[in-house]
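**Q**
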Amino acid sequence: MKYLLTTYFALLLCSPMAMQSVSANDEKTNIATLRNHTPIEEQQPTKGIPKVINNDKVQMRNYPMQPPLIPHTIRGYEVNLNSNKCIACHSRQRTAESLAPMVSVTHYIDREGNFLAELSLRRYFCNQCHVNQTESKPLVENSFVDMHKLMKQKSQQQ
Ligand code: HEC
Ligand code: HEC
């Protein structure tokens, strides 16, 4: 107990110093952090949670293997051991009724390459790969260029 308490107080004493060295380091190396160079001891007012785009418009994929963005809100849609709200609309058996696009065939293939009758467990947790788009500015700069644009640029150079 005594040992535990000593460690606790030692940690308490050390932590402000540790914090200062982190923020000083941040300024020195000029690393663009998501905290936008706010010292660790300070707290900026929060910007609020951005709105989810819920317009039901399928968005173009940036490359063929991209998991498509979810064009509808998924608030309250549970995916856990007992239920999976997403497959209630997106599984093969449900699409005629829900009018949702069926999950593609890759979602029925297990890791050995076998085609299954049911959704593969590798694709059970939909939100591992599929996300909503929010009305917000990118947090960091992104220099991604679509493959078709690259190919066009190349053919113009020749
Ligand atoms: C109530 C039915 C319903 C539920 C539940 C549902 N979806 Fe959808 N989803 C749709 C419909 C309908 C569309 C077609 C576009 C639209 O109308 O929004 C769609 C579109 C999509 C797309 C776009 C597909 C593409 O080709 O671009 C993705 C990805 C998606 N849903 C993922 C999910 C995930 C992940 C969940 C669970 C968190 C989920 N959906 C739950 C009905 C549903
Ligand atoms: C491990 C990543 C991963 C998981 C988990 C996953 N997906 Fe996908 N999904 C993808 C990728 C990648 C694509 C596009 C390429 C393809 O079809 O495999 C896709 C495509 C889709 C499409 C479009 C199908 C089409 O033919 O246009 C829908 C709808 C979809 N997924 C829904 C879901 C739902 C619902 C779940 C959960 C039950 C889910 N996905 C789980 C990666 C994933």
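The sequence shown begins at 85 in my numbering and counts up one residue at a time.
Ideal Cβ placement from N, Cα and C applies to all residues, glycine included.
1. Which value, in whole angstroms, describes the spacing of the CA atoms of Y147 and V224?
2. Just list the beta strand (DSSP E) runs in the stretch 157 to 239, keeping only unbroken ones of 3 residues or longer that don't cross its boundaries, in chain order.
3. Residues in its own chain within less than 8 Å of S182 by CB, not counting five upstream and five downstream?
4. Let me know if R195 comes out buried or exposed under the rule of 16 or more other beta-carbons within 10 Å of its beta-carbon.
5. In chain order, what residues of the same chain lie with their CB nearer than 6 Å to the CB of K135, ignoring the 5 residues before and after it?
6. Hey, would you say the C-beta of T130 is under 7 Å away from at least one heavy atom of ligand 2?
7. CB-CB under 8 Å to Q143, same chain, minus the five flanking residues each way: which ones, in chain order?
8. Just how far apart, CA to CA, sit S105 and L118?
9. Which one of H191, N139, N164 has the shortest CA to CA distance from T157?
10. Classify H191 as buried or exposed, calling it buried when 16 or more other Cβ atoms lie within 10 Å of its own Cβ.
11. Alpha carbon to alpha carbon, how far is I124 from G132?
12. Name, in chain order, the residues that DSSP records as bridge partners for V136.
13. Spatial neighbours of D230 within its chain, please: C-beta separation below 7 Å, excluding the five flanking residues on both sides.
14. Would R159 be called buried (16 or more neighbouring beta carbons within 10 Å of its own) or exposed?
15. Which residue wins for smallest C-alpha separation from A201, given the options F209, V189, N211, I137?
16. Taking 7 Å as the cut-off, is the beta-carbon of S239 closer than that to any non-hydrogen atom of ligand 1?
**A** In short:
1. By 1-based counting over the sequence shown, the position of residue 147 is 63. By 1-based counting over the sequence shown, the position of residue 224 is 140. About 20 Å.
2. none
3. In the sequence shown, the residue the question calls residue 182 occupies position 98. Result list for S182: A172, C173, H174, in chain order.
4. If you number the sequence shown from 1, residue 195 lands on position 111. Counting other Cβ atoms within 10 Å of its Cβ, R195 stays below 16 and is therefore classed as exposed.
5. As a working mapping, residue 135 is identified with position 51 in the sequence shown. Cβ neighbours of K135 beyond the five flanking positions: E219.
6. The residue you call residue 130 lines up with position 46 of the sequence shown. No, the Cβ of T130 stays beyond 7 Å of every heavy atom of ligand 2.
7. For this step, residue 143 is matched to residue 59 along the sequence shown. Once the five neighbours on either side are set aside, the close Cβ partners of Q143 are P152, L153, P155, Q217.
8. Taking the sequence shown and counting its residues from 1, the one referred to as residue 105 is at position 21. Taking the sequence shown and counting its residues from 1, the one referred to as residue 118 is at position 34. Residue placement at S105 is poorly supported in this model, since its pLDDT is 47, which falls under 50; the coordinates are not used for a value here.
9. Translated into positions along the sequence shown, residue 157 becomes position 73. Nearest option by C-alpha distance: N139.
10. As a working mapping, residue 191 is identified with position 107 in the sequence shown. Buried is the call here.
11. Taking the first residue of the sequence shown as 1, we reach residue 124 at position 40. Taking the first residue of the sequence shown as 1, we reach residue 132 at position 48. Rounded to whole angstroms, I124 and G132 show a C-alpha spacing of 20 Å.
12. Against the sequence shown, residue 136 aligns to sequence position 52. When DSSP reads this structure, V136 sits in a beta bridge with T218.
13. Stepping through the sequence shown from its first residue, residue 230 is reached at position 146. Cβ neighbours of D230 within its own chain (closer than 7 Å, five residues either side excluded): N146.
14. Taking the sequence shown and counting its residues from 1, the one referred to as residue 159 is at position 75. So R159 counts as exposed.
15. Counting from 1 along the sequence shown, the entry for residue 201 is found at position 117. When only C-alpha atoms are compared, the closest one is V189.
16. Looking up residue 239 in the sequence shown gives position 155. The answer is no for S239.
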